[in-house]
Amino acid sequence: MLVTLDPRDERPLYLQIVDQVRRALLVGTLRAEDPLPSVRELAGQLVVNPRTVSQAYRELEGEGVIYVRRGQGTFVAPTIHPDRRERRALVRGVAERALVDARRNGLGVEELVTMICEVAAEDEGEGSPSASAVRPGEEEGAA
Amino acid sequence: MTHTDPRAGDYVVATHGLSKRYGRESALEHVDLRVPDGAVYVLVGVNGAGKSTLFKVLMNLERPDAGTAEVFGLDTGRAGPEVRAQVGYVPERQDAPYRSMTCARLLRHAAAFYPEWDHAYADHLTRALGVRPQRRVGGLSKGETRRLQLVLALAYRPPLLLLDEPTDGLDPVVRRRALALLAEHLADAPTTVLISTHHIHEMESLADHVGVLREGRLVAQMPRDELQRTVRSYRLEVPDAWAAPRELQPTGLRRSSAGRDVQCTLVGEEREVARRLAATGARVRQVSTLALEDAALAFLPEDPS
């Protein structure tokens, strides 16, 4: 799993890390019992405050997505079912961002949902790859 | 927008009404700096805003004309040596009192001075930053001097780092490496950091507190999250002859040729800003978060040109 951060992203940095771990689980680049980089490693790689990484790991640990094995490091939980909870959390995040954007533009929920379906139908008609589901092994998803 | 909590106990660095003049020039004016324990506090300001003067007062290298400064609860004017023993300081300018020494000799000299000096870590930093041990201190370039200063400041893992323009003179590759080393350093041991810079974008993801110094006055001081929440870019649809409400501290205002579309940076909670805008007949079309640098710019005067 490679974590990248976008400073212009509206989400706080720790949430970006949380979401990327979730996405890596979904697409399969991160699996049950895989080790995660240490706080120190990830902070150095991303040049971020280590507290940001700790905060992200605490949140994921609280959700039961990862766990700490004392003296050995941080690992993905052995009984992770990314297809349900993680997928839901990921979709929720995407939906929340779309909704905020819609409200700012003075659009209603129904308008938004209708248009998402319309655009998706158009994309499928053209056979565009952007509408197809994220396949395991892909690093960047449609989010 | 400055911090209101007057208690100094929770802060590693606290100044109270700190003022300093050089002749007629006012370098610091009633500065109440508050650096919480464990924070990475980035102090922003144009050159000459008073950043280096503030650092020198904290190191007791300058005496303030009014006010006091405390580091770990110690008055810097009375307990200068005790304060300095707990601080890793990278000064803006290298006075180079040991110009004839080699880098290796100077590092040994510093190691003897600090009981906590970590030799293995000093060697690691020396290699990672490309400091050449046999070079004479007096013959170092600006960038080489900076790298040596960073080794000297970090190698004994002091609980407070005062870094005055720490990446000045470093090339982009070394800059990134130096900041990555700093991030790892913070992961290894609890450390409070006060960094001054006019390259805030470099500190974007390290900073968790931001202060803006303008002409000697601390015009903003807050957690990074608060800065990014309360300073945002607004795209507006406005009536004719519209002017931005002054209390929203508009900066970077751009107007379409027809005058109805406006983009500007405004200060305040988004909901409150939207309410005030609505009262002036403006409609919010889009709100976006700003990079830390652009958010901090909201507190610096616009280019007069």
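Residue numbers (the numbering used here), protein chains in the order written: chain B, 2 to 144; chain L, 375 to 679. No residue lacks a Cβ here, since even glycine has one placed at the ideal position from N, Cα and C.
Nearest to residue i by CA position, among the options, is which residue?
| i | options | result |
| --- | --- | --- |
| E399/L | L499/L, E589/L, P546/L | E589/L |
| T566/L | A413/L, H404/L, D384/L | A413/L |
| A25/B | E11/B, I67/B, R59/B, A96/B | I67/B |
| H559/L | T389/L, E578/L, R606/L, A502/L | A502/L |
| E490/L | D542/L, D635/L, D614/L, P533/L | P533/L |
| R606/L | L580/L, K425/L, R549/L, Q637/L | Q637/L |
| E600/L | P13/B, V4/B, D7/B | P13/B |
| M577/L | M433/L, T389/L, E667/L, L392/L | E667/L |
| R458/L | I574/L, L537/L, M433/L | M433/L |
| S631/L | V641/L, V547/L, R645/L, V612/L | V612/L |
| A554/L | D20/B, Q46/B, F76/B, L61/B | Q46/B |
| Y495/L | S515/L, G512/L, R531/L | R531/L |
| R634/L | A617/L, E643/L, S579/L | A617/L |
| R510/L | L499/L, L524/L, L481/L, A527/L | L481/L |
| T500/L | V464/L, L526/L, E456/L | L526/L |
| G29/B | V69/B, P38/B, V77/B | V77/B |
| R657/L | Q623/L, D614/L, P564/L, V431/L | D614/L |
| H573/L | V584/L, G642/L, E643/L | V584/L |
| P619/L | E436/L, R650/L, G626/L | R650/L |
Would the beta-carbon of residue i fall within 7 Å of that of residue j?
| i | j | result |
| --- | --- | --- |
| A529/L | D497/L | no |
| A552/L | P507/L | no |
| G462/L | L535/L | yes |
| Q660/L | R609/L | yes |
| S570/L | L407/L | no |
| Y415/L | L592/L | no |
| V11/B | T663/L | The sequence as given places Glu at residue 11/B; Val does not occur at that position. Yes, these two residues count as a Cβ contact at 7 Å. |
| A594/L | F673/L | yes |
| G504/L | R520/L | no |
| A44/B | A557/L | yes |
| D582/L | N50/B | yes |
| T53/B | Y15/B | yes |
| A440/L | S393/L | yes |
| E60/B | V95/B | no |
| R23/B | E87/B | yes |
| R549/L | T541/L | yes |
| Q17/B | L31/B | no |
| D538/L | E444/L | no |
| L587/L | K425/L | yes |
DSSP state of residue i, grouped into three classes?
| i | result |
| --- | --- |
| A132/B | Note that A132/B scores a pLDDT of 43, beneath 50, so its modelled location is shaky and nothing firm can be said. |
| Q46/B | helix |
| D599/L | helix |
| T663/L | strand |
| T75/B | strand |
| L522/L | helix |
| S369/L | What is shown of chain L runs 375 to 679, which leaves residue 369/L out entirely. |
| G391/L | strand |
| D124/B | helix |
| T654/L | coil |
| L31/B | coil |
| R86/B | helix |
| R398/L | coil |
| D20/B | helix |
| L674/L | coil |
| V66/B | coil |
| E403/L | strand |
| P380/L | Because the pLDDT of P380/L is 46, which lies under 50, any placement of that residue in the model is unreliable, and the question is left without a value. |
| V4/B | coil |
| T427/L | helix |
| Y58/B | helix |
| D538/L | strand |
| V420/L | coil |
| T115/B | helix |
| R12/B | coil |
| P51/B | helix |
| L544/L | coil |
| L37/B | strand |
| L108/B | coil |
| A144/B | With a pLDDT of 40 at A144/B, under the threshold of 50, the modelled position of this residue cannot be trusted; read the value that follows with caution. A144/B falls in the coil class under three-state DSSP. |
Is residue i near the ligand FAD - that is, is its Cβ less than 6 Å away from at least one heavy atom of it?
| i | result |
| --- | --- |
| D545/L | Judged by which ligands are present, the structure shown has none, so any question about the ligand FAD falls away. |
For a contact meaning CB atoms closer than 9 Å, what does residue i contact in chain D?
| i | result |
| --- | --- |
| Q595/L | Considering every chain present, this structure includes no chain D. Its protein chains are B and L. |
> Which residues, in order along the region 26 to 52 of chain B, keep a beta-carbon less than 7 Å from a beta-carbon of chain L?
Replying inline: Residues of the region 26 to 52 of chain B that bring their beta carbon within less than 7 Å of a beta carbon in chain L comprise V40, R41, A44, G45, L47, V48, V49, N50, P51, R52, in sequence order.
>> My parser needs the beta strand (DSSP E) runs of 3 or more residues fully inside the region 435 to 518 of chain L; what are they?
In response: You should have 440 to 445, 461 to 464.
> Just by C-beta distance, which residues in the region 637 to 648 of chain L are closer than 8 Å to chain B?
Replying inline: From the region 637 to 648 of chain L, no residue has a Cβ closer than 8 Å to chain B.
>> Quick check on the DSSP output: what are the complete beta strand (DSSP E) runs of length 3 or more inside the region 549 to 635 of chain L, in order along the chain?
In response: Segments of the beta strand (DSSP E) lying fully in the region 549 to 635 of chain L: 566 to 571, 583 to 588, 591 to 597, 605 to 611, 625 to 629.
>> If the cut-off is 7 Å on Cβ atoms, which residues from the region 77 to 109 of chain B count as contacting chain L, listed in chain order?
In response: Listed by position, the residues of the region 77 to 109 of chain B near chain L (Cβ gap below 7 Å) are R105, N106.
> When you check each C-beta in the region 487 to 504 of chain L against every C-beta of chain B, which residues fall closer than 8 Å?
Replying inline: Of all residues in the region 487 to 504 of chain L, none places a beta-carbon less than 8 Å from a beta-carbon of chain B.
>> To be precise: take each residue of the region 566 to 589 of chain L, compare its Cβ to all Cβ atoms of chain B, and keep it if any distance is under 7 Å. Which residues remain?
In response: Those residues of the region 566 to 589 of chain L that come within reach of chain B (Cβ to Cβ, closer than 7 Å) are E578, S579, L580, D582.
> What residues from the region 529 to 560 of chain L come within 7 Å of chain B, judged by C-beta to C-beta, listed N to C?
Replying inline: Under the 7 Å Cβ criterion, the region 529 to 560 of chain L contributes R550, L553, A554, A557, E558, L560.
> At a Cβ cut of 8 Å, what residues of the region 406 to 427 of chain L count as close to chain B, listed as they run along the chain?
Replying inline: Considering only beta carbons, the part of the region 406 to 427 of chain L lying closer than 8 Å to chain B consists of G412, V414, in chain order.
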